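One structure is given here, and the rest of the page talks about it.
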């Protein structure tokens with residue numbers, strides 16, 4: 057899987073919203089499917105226009121999540137979020153300025169506030185999980 | 006003759022051009038745009054006649070009280086109520102329904118009474134009744150509609166037993182566009198002694214509403230969907246019912262006498278309008294209904310039917326375009342599925358073409374699930390919608406073919 061710097065480079069070559077959107081969809085296509093056993097209320101992210109399920113975990117002190125959505129573009133966004141968050145230490149998670157990163161991808165302007173809220177609901181869930189995990193360690 | 010060009014010109018927002026393209030606004034069912042006369046009226050009131058209402062004798066207070074009460078009379082005439090005392094100003098339809106639930110509902114409903122609603126209700130006409138049912142021990146029952154969104158007479162009558170004390174039903178579904186035969190429903194409900202609350206949020210916008218002819222007991226709608234301002238709603242209550250209803254909120258402007266021991270309440274509508282109301286918004290709404298009356302609700306209704314026919318023709322020509330809700334009697338609210346593309350993906354593409362539609366569960370989650378979806382895309386018309394808007398909608402929709 058590409059790291060966020062590579063994704064950022066790739067996005068920067070694309071000028072029109074159509075091309076950026078197509079690339080986002082292509083990334084979504086590559087997203088690993090989420091086992092249906094995780095597609096339950098327990099893992100559902102509320103506040104999104106589409107259905108989103110997100111399963112976080114800590115492995116060897118690093119944070120990872122898997123997720124999916126029924127909307128194609130959201131799957132693309134999840135792919136980008138995985139590049140941003142996966143493999144980071146739980147201390148790093150809460151300091152990541154995800155909105156800034158999306159702005160540098162040139163995606164910010166293409167996300168309406170309600171979609172941004174949907175994306176931020178995922179980010180919020182990741183952050184809360186990291187904060188809880190950190191508290192448990194101490 | 007319906008002069009659509011003139012009507013379109015009455016709505017200043019349509020002058021806006023974004024990225025060289027006009028705004029194609031197909032989300033009037035969520036909230037309608039405002040005609041210039043409403044904006045002018047509100048500005049004029051703030052600039053020339055503003056004070057609080059019902060409290061003082063001085064010039065401005067007298068003027069604005071007259072304007073406020075005149076707005077009530079305009080709304081009375083608009084829905085053909087027998088008295089302006091039957092018109093209560095609220096914040097929105099949600100508050101109107103909550104008012105009935107928390108006053109009439111808590112006072113009159115008892116254990117094992119039934120509140121009957123349709124499968125097509127907006128959350129605003131569902132959740133208040135769930136709470137009243139919990140508090141009183143009454144039961145909430147739901148009567149079925151058909152898979153195509155049609156009202157089913159036999160399903161309704163099957164559910165309509167003697168223990169039904171209230172029927173709360175929409176005049177027009179905000180998802181399927183189905184126009185419910187409200188008059189017939191009310192007649193049948195009254196035969197078993199039930200009262201009827203009509204959620205007219207969509208209904209009042211798209212057709213002529215006559216509360217005396219309908220003989221409804223309660224009717225609720227919002228101002229902002231009716232080309233008026235936000236923050237103002239209306240509740241009609243038949244006067245023989247409202248006179249015995251307790252207040253909803255208490256405070257200023259709704260009392261008769263107050264001592265530290267006891268308070269007696271004013272007669273309706275004042276009894277239900279505690280505190281300073283949304284004065285200028287009420288006056289704005291009064292202006293909106295006058296504007297609508299001048300054009301004629303029947304004319305608006307038939308123009309929107311014409312748009313619907315045009316839309317359906319275009320939709321039929323397009324493979325993989327499925328309309329969700331094809332009731333025989335329906336208005337300009339069209340939920341649809343295109344190629345199974347997720348509504349969020351569709352609306353993303355459409356919004357880049359300046360085409361505004363709504364996606365999601367439309368605050369009617371049980372209905373959306375009942376139709377077999379978790380999220381639905383919806384296009385809806387207003388009195389100002391052009392056939393060109395529909396053309397642009399389909400043109401933008403075809404952009405999705407590039408991606409899916």
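Chains as they are written, first to last, in this note's numbering: chain A, 57 to 194; chain B, 6 to 409. Each residue gets a CB set at the ideal place from its N, CA and C atoms; glycine is no exception. Everything numeric in this text was worked out from a predicted model, so none of it was measured.
**Report entry** Residues within the segment 119-147 of chain A neighbouring chain B, beta-carbon criterion of under 9 Å
**Finding:** 125, 126, 127, 128, 129, 130
**Report entry** Where residue 159 of chain A falls, given that 16 or more other Cβ within 10 Å makes a residue buried
**Finding:** Here residue 159 of chain A refers to the residue found at position 103 when the first chain is read from its first residue. Exposed, because fewer than 16 other Cβ atoms sit within 10 Å of the Cβ of residue 159 of chain A.
Requested in this report: Identify whether residue 58 of chain B lies in helix, strand or coil by the three-state DSSP scheme.
Outcome: Locating residue 58 of chain B in the second chain gives position 53, where the first residue counts as 1. Three-state result, residue 58 of chain B: coil.
Query raised in the report: Just reading off the beta strand (DSSP E) that residue 329 of chain B is part of, what are its end residues?
Result: Numbered from its first residue, the second chain carries residue 329 of chain B at position 324. Residues 326-329.
Query raised in the report: At which residues does the beta strand (DSSP E) containing residue 382 of chain B begin and terminate?
Result: To locate residue 382 of chain B, count along the second chain from 1; it is residue 377. Segment 381-385, the beta strand (DSSP E) holding residue 382 of chain B.
Query - Interface partners of residue 347 of chain B on chain A, CB under 7 Å - result: The residue given as residue 347 of chain B occupies position 342 in the second chain. What residue 347 of chain B touches in chain A: 106, 126, 127, 128.
Query raised in the report: Candidates B:26, B:31, B:19: which alpha carbon is nearest residue 339 of chain B's?
Result: On the second chain, position 334 is the one that residue 339 of chain B refers to. Cα-wise, what sits closest to residue 339 of chain B is B:31.
Query raised in the report: Which one of A:187, A:138, A:153 has the shortest CA to CA distance from residue 58 of chain A?
Result: The residue labelled residue 58 of chain A in the question sits at position 2 within the first chain. Taking only the C-alpha atoms, the option nearest residue 58 of chain A is A:138.
Report task. Starting from the beta carbon of residue 78 of chain A, find every residue of chain B whose beta carbon is closer than 9 Å, and list them in chain order. Result -> Along the first chain, read from residue 1 onward, the residue named residue 78 of chain A stands at position 22. Going along chain B in sequence order, the residues near residue 78 of chain A (Cβ under 9 Å) are 407, 408.
Query raised in the report: If you run the structure through DSSP and keep just helix, strand and coil, what is residue 346 of chain B?
Result: To locate residue 346 of chain B, count along the second chain from 1; it is residue 341. DSSP places residue 346 of chain B in the coil class of the three-state scheme, outside both helix and strand.
Query - Cβ-based burial, residue 69 of chain A [other Cβ within 10 Å; buried from 16] - result: If you number the first chain from 1, residue 69 of chain A lands on position 13. Answer is exposed; the Cβ neighbour count stays below 16.
Requested in this report: Could you tell me the distance, in whole angstroms, from the CA atom of residue 347 of chain B to the CA atom of residue 380 of chain B?
Outcome: For this step, residue 347 of chain B is matched to residue 342 along the second chain. For this step, residue 380 of chain B is matched to residue 375 along the second chain. Each residue's alpha carbon lies about 8 Å from the other.
Query raised in the report: Whose C-alpha, out of B:70, B:390, B:81, is nearest the C-alpha of residue 214 of chain B?
Result: For the purposes of this step, residue 214 of chain B is taken as the residue at position 209 of the second chain. For residue 214 of chain B, the nearest C-alpha among the options comes from B:81.
Report task. Kindly list, in the order they appear in chain B, the residues whose Cβ is closer than 7 Å to that of residue 81 of chain A. Result -> Translated into the one-based positions of the first chain, residue 81 of chain A becomes position 25. The answer, in chain order, is 408.
Query - Proximity of residue 481 of chain B and residue 100 of chain B at Cβ, strictly below 8 Å - result: Chain B is shown from 6 up to 409; residue 481 of chain B falls before or after that span and cannot be answered.
Query raised in the report: Is the shortest distance between the beta-carbon of residue 353 of chain B and the beta-carbons of chain A less than 8 Å?
Result: As a working mapping, residue 353 of chain B is identified with position 348 in the second chain. Yes, residue 353 of chain B counts as interfacial toward chain A.
Query raised in the report: If you scan the segment 60-87 of chain A from start to end, which runs of the alpha helix (DSSP H) of 4 or more residues do you find wholly inside it?
Result: 60-68, 73-86
Query - Stretch-stretch touch, CB-based, cutoff 8 Å, three pairs: the segment 326-344 of chain B with the segment 174-185 of chain B - result: In short, these stretches touch, since the Cβ pair count reaches three.
Report task. Could you pull the start and end residues of the alpha helix (DSSP H) that residue 40 of chain B belongs to? Result -> The residue labelled residue 40 of chain B in the question sits at position 35 within the second chain. No alpha helix (DSSP H) contains residue 40 of chain B, which DSSP labels as neither H nor E.
Requested in this report: Take residue 44 of chain B and list the residues in its own chain whose beta-carbon comes closer than 7 Å to its own, dropping the five residues that flank it on each side.
Outcome: Looking up residue 44 of chain B in the second chain gives position 39. Same-chain partners within the cutoff: there are none.
Requested in this report: Closer than 8 Å by beta-carbon distance: list the chain A residues that pair up with residue 364 of chain B, in chain order.
Outcome: Taking the first residue of the second chain as 1, we reach residue 364 of chain B at position 359. Simply 105.
Query - Nearest-angstrom beta carbon gap, residue 224 of chain B and residue 194 of chain B [assumed within contact, 8 Å] - result: As a first step, residue 194 of chain B is located in the second chain; it is residue number 189 there, counting from the start. As a first step, residue 224 of chain B is located in the second chain; it is residue number 219 there, counting from the start. Going by Cβ atoms, the distance from residue 194 of chain B to residue 224 of chain B rounds to 14 Å, so no, they are not a contact pair.
Report task. From the DSSP output, in three-state form, read off residue 341 of chain B for me. Result -> Here the question's residue 341 of chain B lines up with position 336 in the second chain. Residue 341 of chain B falls in the strand class under three-state DSSP.
Requested in this report: Could you say if the segment 297-308 of chain B and the segment 130-148 of chain B meet the contact criterion of at least three C-beta pairs nearer than 8 Å?
Outcome: no
Query - Contacts of residue 379 of chain B in chain A (Cβ-Cβ under 9 Å) - result: Looking up residue 379 of chain B in the second chain gives position 374. What residue 379 of chain B touches in chain A: 106, 107, 126.
Query raised in the report: Quick one: what's got a C-beta closer than 7 Å to residue 110 of chain A's C-beta in the same chain, skipping five residues either side?
Result: Indexing the first chain from 1 puts residue 110 of chain A at position 54. Only 99, 101, 121, 123, 178, 181 meet the Cβ criterion.
Query - C-beta neighbour in chain A for residue 325 of chain B, strict 8 Å - result: Translated into positions along the second chain, residue 325 of chain B becomes position 320. Closer than 8 Å: no.
Requested in this report: Helix, strand or coil for residue 110 of chain B, going by three-state DSSP, please let me know.
Outcome: Working through the second chain from its first residue, we reach residue 110 of chain B at position 105. Of the three classes helix, strand and coil, the one that applies to residue 110 of chain B here is helix, per DSSP.
Query raised in the report: Do we get a CB-CB distance below 8 Å when we pair residue 367 of chain B with the residues of chain A?
Result: As a working note, residue 367 of chain B is residue 362 in the second chain. For residue 367 of chain B, the answer is no, since every Cβ of chain A falls outside 8 Å of its Cβ.
Query raised in the report: Rounded to whole angstroms, how far is the Cβ of residue 118 of chain B from the Cβ of residue 168 of chain B, which I believe are closer than 8 Å?
Result: For the purposes of this step, residue 118 of chain B is identified with residue 113 of the second chain, where counting begins at 1. For the purposes of this step, residue 168 of chain B is identified with residue 163 of the second chain, where counting begins at 1. About 6 Å; that satisfies the 8 Å criterion.
Query raised in the report: Quick one: what's got a C-beta closer than 6 Å to residue 23 of chain B's C-beta in the same chain, skipping five residues either side?
Result: Here residue 23 of chain B refers to the residue found at position 18 when the second chain is read from its first residue. Here the set comprises 359.
**Report entry** the segment 364-377 of chain B touching the segment 392-399 of chain B, judged by at least three CB pairs closer than 8 Å
**Finding:** no
Query raised in the report: What residues from chain A crowd round residue 32 of chain B, counting only those whose CB sits closer than 7 Å?
Result: Reading the second chain from its first residue, position 27 is the one you call residue 32 of chain B. What residue 32 of chain B touches in chain A: nothing, since even the nearest Cβ is about 13 Å away.
Query raised in the report: Residue range of the alpha helix (DSSP H) that residue 371 of chain B falls in?
Result: What you label residue 371 of chain B is simply residue 366 of the second chain in a count that begins at 1. Taken as a continuous stretch (DSSP letters only), the alpha helix (DSSP H) holding residue 371 of chain B covers 370-375.
Query raised in the report: Name the DSSP bridge partner or partners of residue 113 of chain A?
Result: Residue numbering aside, residue 113 of chain A sits at position 57 when the first chain is read from its first letter. Partner residues in the beta bridge of residue 113 of chain A, as assigned by DSSP, are A:120.
**Report entry** Own chain residues within Cβ distance below 8 Å of residue 281 of chain B, not counting five before or after
**Finding:** Looking up residue 281 of chain B in the second chain gives position 276. Same-chain partners within the cutoff: 57, 58, 257, 258.
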